[in-house]
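Quick note on the numbering used here: the sequence shown kicks off at 95 and runs consecutively. Note that beta-carbon positions come from the ideal geometry of N, C-alpha and C, so glycine has one too.
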Amino acid sequence: MTILEVSGQLIESTVQKMSLTSVLLAASVVTLTLAYLSRALFGQQQQRSRHQKLPPHIPSSVPFLGHAVAFGKSPIEFLEQAYEKYGPVVSFTMVGKTFTYLLGSEAAALMFNSKNDDLNAEDVYARLTTPVFGKGVAYDVPNALFLEQKKMLKTGLNIAHFKGHVQIIEEETKEYFKRWGDRGERNLFDALSELIILTASRCLHGCEIRGMLDERVAQLYADLDGGFTHAAWLLPGWLPLPSFRRRDQAHLEIKKIFYNVIKKRREATEKNDDILQTLIDATYKDGRPLNDDEIAGMLIGLLLAGQHTSSTTSSWMGFFLARDRALQERCYSEQKTVCGEDLPPLQYDQLKDLSLLDRCLKETLRLRPPIMTMMRMAKTPQKVGDYIIPPGHQVCVSPTVNHRLQDTWDERLEFNPDRYLHDNPAAGEKFAYIPFGAGRHRCIGENFAYVQIKTIWSTLLRLYDFELVDGHFPPVNYTTMIHTPHNPVIRYTRRTTQTQK
Ligand code: HEM
């Protein structure tokens, strides 16, 4: 082992034991030198813009680190207090970077209506995504090209494919949950994370790749996924951290598996009808087809973009249903009303009629949107209200904050899926409800996520009755990039057998 590897392991094991706050602290040390340089630049910039009105800046007596500790501990509370005190546009410093949040629908419009050249996504996301997805896709290419790639993916995420996906997801769910037996207490988040890799692999990658998903490949995905951490976002990519090395190794090995499958598909005389085939047949506007590396990168992106988002959302939904048993019973009754008393296999066309389940998912995404902050780098001065946001600020919108603003939502912290049946004050505000983002970076996976989560929960409601363990509703774990449930153990009891098919 070289000295670099040993020191990398040391840094890594320390980072693993650290909370977000401490990672920020460590990052501050690593980037201190850079900060001094950029401070000189910022100073010049602030002098330049003295005559402009900058957004209110939350003062901090902690040099460089700024508000990293308070924000890391409880970001939503921090932002809500900032909104109360300073209004919808507010800046603060963390680890030498200035973050400007646009809070509420009106302010958020700036981000969603902006051009990528003005508020840029690659500058803030590429260092996380490029090592995981690879070069030539997503934030590694100019946004115009990524938009073409998104269009190709969207072509594959169509109703004809969804019809087949419902059956696949129901089968995978039944098979996976056999291991849970008749009753017990288990970690729901772990189970749904594993299940969602299986369902997404089969639906989004095709049966050949799903067929190879054994423990070794699952470990490769886990190593790749280890690239999505605060540490990867904050620490320089050249650091010899074991998690970076594992991520890079997993990337190569997964791509090798995908190349083989793509090669066989290209050689086959008969065409499949799935998303992989859609990508193989797709061409850019200039007529160029995707090469194998681009297809493989897009397959990784498809799987990972939906992995944490869908597994976190479906877990939170489980806990909301377990907390409100009457609501859970209404959802179970809805299964029978819509699909038939003897609960035959689910059909795609029935999903839209499961309207209570739909509203439960919508409400889960309101209170626990998995992506807590969307971020862009200001490349040009941005006017919002009376303020000018200067270049260099990281401009942010938080779905979590917009989804619970006092000015917008009645009984804002209540889980009430029926709120969408009535006139709802948020309906008049374009960006009050944005779990899937908006504008040019809007999610393309929304429909698939709804199909996946509604099918999983239809199957689970038919299998089990769920309750909280001793009334424990998991608090939010703020140390992970996506806000997962902390200690997510749920109690379950099998429903009577005559209702199961
Ligand atoms: C509950 C599930 C999901 C949620 C809540 C979610 C949320 C989001 C959000 C908020 C964005 C906007 C990011 C930004 O503006 O910075 C986004 C973008 C995106 N999502 Fe999702 N997503 C989900 C599932 C999926 C799935 C299943 C896929 C793929 C099948 C997917 C693929 C994408 C892609 C390709 C983008 C575009 C990024 C861009 O253009 O910059 N997502 N998603």
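| Check | Outcome |
| --- | --- |
| Leu451: which of Met469, Lys430 and Phe283 sits nearest, CA to CA? | Lys430 |
| In this structure, does DSSP put Ile482 in helix, strand or coil? | strand |
| Would you check whether ligand 1 has a heavy atom nearer than 6 angstroms to the C-beta of Phe158? | no |
| Using the three-state DSSP reduction, which class does Arg585 fall into: helix, strand or coil? | strand |
| Is the beta carbon of His161 less than 7 angstroms from the beta carbon of Met188? | yes |
| Among Ile576, Leu415 and Val563, whose alpha-carbon lies nearest the alpha-carbon of Ser552? | Leu415 |
| How many whole angstroms separate the CB atoms of Arg341 and Asp317, which I take to be in contact at a CB cut-off of 8 angstroms? | 6 angstroms |
| Mapping DSSP to helix, strand and coil, what is His255? | helix |
| Is there contact between the stretch 230–242 and the stretch 337–357, where contact requires at least three CB pairs shorter than 8 angstroms? | no |
| Looking at C-alpha atoms only, which residue of Gln476, Tyr514 and Lys268 is the closest neighbour of Glu457? | Tyr514 |
| Between the Cα of Thr502 and the Cα atoms of Asp512, Arg589, Glu523 and Gln146, which residue gives the shortest distance? | Glu523 |
| Please classify Asn496: is it buried, with 16 or more other beta-carbons within 10 angstroms of its beta-carbon, or exposed? | buried |
| Would you please state the rounded distance, in angstroms, between the beta carbons of Leu282 and Arg417? I believe it to be under 8 angstroms. | With a Cβ gap of about 13 angstroms, Leu282 and Arg417 do not count as contacting. |
| Going along the chain, which residues of its own chain have a beta-carbon closer than 7 angstroms to the beta-carbon of Ala399, five neighbours each way excluded? | Gly539 |
| Ends of the alpha helix (DSSP H) at Ala603? | With the chain running from 95 to 595 in the structure shown, residue 603 is simply not present. |
| Can you name, in chain order, every residue of its own chain whose Cβ lies under 7 angstroms from the Cβ of Gly250, other than the five neighbours on each side? | Ile369, Thr372 and Leu373 |
| Under a Cβ-count criterion, where at least 16 other Cβ atoms within 10 Å of its own Cβ denotes burial, should Ile253 be classed as buried or exposed? | exposed |
| Under a Cβ-count criterion, where at least 16 other Cβ atoms within 10 Å of its own Cβ denotes burial, should Asn581 be classed as buried or exposed? | exposed |
| Excluding five sequence neighbours on each side, which residues of the same chain lie with their C-beta closer than 7 angstroms to the C-beta of Thr578? | Phe283, Thr406 and Asn571 |
| Take the Cβ of Ala420 as the centre, count every other Cβ of all protein chains shown within 10 Å, and call the residue buried at 16 or more, exposed below. | exposed |
| So what does DSSP say about Tyr558, is it helix, strand or coil? | strand |
| Using 8 angstroms as the threshold, is the stretch 438–451 in touch with the stretch 527–541, meaning 3 or more CB pairs across them? | no |
| Within the present structure, is the beta-carbon of Ile374 separated from the nearest heavy atom of ligand 1 by less than 6 angstroms? | no |
| To the nearest angstrom, report how far apart Gly278 and Phe509 are at their CA atoms. | 26 angstroms |
| Where does Phe422 fall in DSSP's three states? | A small correction: the amino acid at residue 422 is Gln; Phe does not occupy that position in the sequence shown. In the structure shown, Gln422 sits in a helix (DSSP, three-state: H, G or I). |
| Closest to Gly583 by CA distance: which of Met575, Phe567 and Thr590 is it? | Correcting the residue type first, residue 583 is Val in the shown sequence and not Gly. Selected option, being the one with the closest Cα: Phe567. |
| Shorter than 6 angstroms, the distance from the beta carbon of Ala399 to the closest heavy atom of ligand 1, or not? | yes |
| Is there contact between the stretch 466–485 and the stretch 204–223, where contact requires at least three CB pairs shorter than 8 angstroms? | yes |
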